[in-house]
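Line by line, the protein sequences give chains A and B. Residue numbering for the first sequence follows this note's numbering, starting at 122 and increasing by one per position. Residue numbering for the second sequence follows this note's numbering, starting at 122 and increasing by one per position.
Protein chains: 2
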Amino acid sequence: MNPIHELTGYLAAVLTTVSFVPQVLRTLRTRDTRAISLGMYLLFSAGVALWLIYGLLIGAWPIILANVVTLGLTLTVLWHKLREGRLDPARDPARDPARGDDQT
Amino acid sequence: MNPIHELTGYLAAVLTTVSFVPQVLRTLRTRDTRAISLGMYLLFSAGVALWLIYGLLIGAWPIILANVVTLGLTLTVLWHKLREGRLDPARDPARDPARGDDQT
């Protein structure tokens, strides 16, 4: 493969993979997953698993490496989102925006 | 390209792209982006733009189509996240988990 193409793929892979690190850190720090969509993380993780298979089928290393790591990160967020649902039976109430405003 | 490979790529593309739809809908409905990482959406959107370039360079249609749509969806979430920051100067306080528990 053309080295410029390969470099672009690797850079894209690094960015979209590394991007989940601040989300994982934020989720671990705040334990807050309320604004995060469960559906998104279910579908995204399934899709990333398929991208991994696609990468293996066509032998594209940027796709393979990126999706192994991304899958680990997205499953971490997904696990916390599922845990939120289990711990808080009143999950996903339509939140009153005014309630979040701290007057102090 | 082998049709099975191509189908896997398209299915992966559909899943990772469609996955952002529930997140966009949730963000539009609740206007809540507090648990969402700004860093993630900045890096992810930049990465998706590069995946789009990569797809164009190697002529991989699943990658091209997926990333055009994904970029539109992630930029929508990013825009709301940036707007939250502008509207709420006291953004990202370490949230007291107990505060979210509604006793009623």
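Note that the Cβ used here is the ideal one computed from N, Cα and C, for glycine as well.
Excluding sequence positions up to five before and after Q144(B), its CB lies within less than 7 Å of the CB of V198, all in the same chain and listed in chain order. The beta carbon of T137(B) falls within 9 Å of a beta carbon belonging to chain A, placing the residue at that interface. Excluding sequence positions up to five before and after A170(A), its CB lies within less than 7 Å of the CB of L192, all in the same chain and listed in chain order. For G160(B), the closest Cβ of chain A is nearer than 9 Å.
With contacts defined by Cβ atoms closer than 9 Å, S158(B) and R147(A) form a contacting pair. If you look at S140(B), you'll find it isn't in any alpha helix (DSSP H); DSSP assigns it neither H nor E.
Exclusion of the five residues before and after F165(B) leaves T195 as the residues of its chain whose Cβ lies within less than 7 Å of its Cβ.
The Cβ of V189(A) sits no closer than 9 Å to any Cβ of chain B.
Close to L149(B), with beta-carbon spacing below 8 Å, lies no residue of chain A; the smallest spacing is near 11 Å. For a Cβ distance threshold of 7 Å, residue set L171 of chain B lies close to L132(A), ordered along the chain.
M161(A) and T154(B) have their C-alpha atoms spaced approximately 14 Å apart. With respect to H126(B), L178(A) sits close: the two C-beta atoms are nearer than 9 Å.
By the Cβ neighbour-count rule, W172(B) is buried, with 16 or more other Cβ atoms within 10 Å of its own.
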